[in-house]
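For reference, the structure is listed below as structure tokens.
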Amino acid sequence: MAEDLGIVDGLAQLTFLVHAALSDVAATHGLTIVQLRLLGVLRDRTPGMQELGRHLGLDKSSTSGLVDRAERRGLVARTPSPDDGRSVLVSLTDAGREAAHALEAAAGQRIRALTTHLTDTQRIRLSALASAVVAGQPL
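Heads up: the sequence shown runs through residues 0 to 138, numbered per numbering that gives the first Met the number 0.
See below:
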């Protein structure tokens with residue numbers, strides 16, 4: 000049986016493993032992990048710049064630069080907000096949606112590989128606990 004690392008060390012070390020897996024997936028696709036996160040956030044929403052920055056934990060200028068670079072690569076598009084003519088909404092282009100699907104598949108494969116030594120019951124429990132932790136956090 001594995002040594003119990005405790006909640007803090009266990010979650011921190013798990014975070015490092017997941018971050019490394021996602022960084023590798025992003026790099027394989029010529030992206031940074033922040034660009035991977037951008038595409039992930041935009042998979043199921045079309046936020047304004049401020050909301051996007053909140054989701055990514057970035058300030059206004061970092062969010063703007065990130066979107067600029069992704070827009071130049073043809074991954075995202077900005078459109079005027081129908082509710083506020085001064086703001087824009089950010090969405091995936093067809094190429095961005097294709098990249099997001101490829102990244103999701105590759106990331107899923109890499110992260111599932113982290114749990115191959117677990118039983119089905121342990122994986123189900125881990126999924127439920129991770130979902131509960133995430134559900135308790137404001138975004």
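Glycine is no exception: its CB is placed at the ideal position from the N, C-alpha and C atoms.
As the structure is a computational prediction, the values presented were derived from the model and not from experiment.
Notebook entry, point to check: Among the residues of its own chain, which have a CB less than 7 Å from the CB of Thr92, if the five just before and after it don't count?
Noted result: Gly73, Leu74, Val75, Ala76
Notebook entry, point to check: By a C-beta neighbour count over all protein chains shown, 10 Å radius and 16 as the cutoff for buried, is Val133 buried or exposed?
Noted result: exposed
Margin query: Taking the alpha carbon of Ala25 as the reference point, which residue from Ala112, Ala99, Pro137, Arg124 has its own alpha carbon closest?
Written below: Ala99
Checklist line | Helix, strand or coil at Ala127 according to DSSP, with G and I counted as helix | finding: Looking at Ala127 - three-state DSSP - the assignment turns out to be helix.
Check: Can the beta-carbon of His54 be found less than 7 Å from the beta-carbon of Val40?
Finding: yes
Next item on the list: Could you work out which residue in Glu97, Ser90, Ala94 is closest to Arg44 when comparing CA atoms only?
Entry: Ser90
Notebook entry, point to check: Would you say the stretch 111-125 touches the stretch 58-65, given that touching needs at least three Cβ pairs under 8 Å?
Noted result: no
Next item on the list: Can you say whether Gly135 is buried or exposed, counting buried as having 16 or more other CB atoms within 10 angstroms of its CB?
Entry: Around the beta carbon of Gly135, fewer than 16 other beta carbons lie within 10 angstroms, which makes this residue exposed.
Next item on the list: Ignore the nearest five residues each way along the sequence and tell me which others in Leu21's own chain have a CB closer than 7 Å to its CB.
Entry: If we look at Leu21 and ignore the five residues flanking it on each side, its Cβ neighbours are Ile32, Leu35, Ala106.
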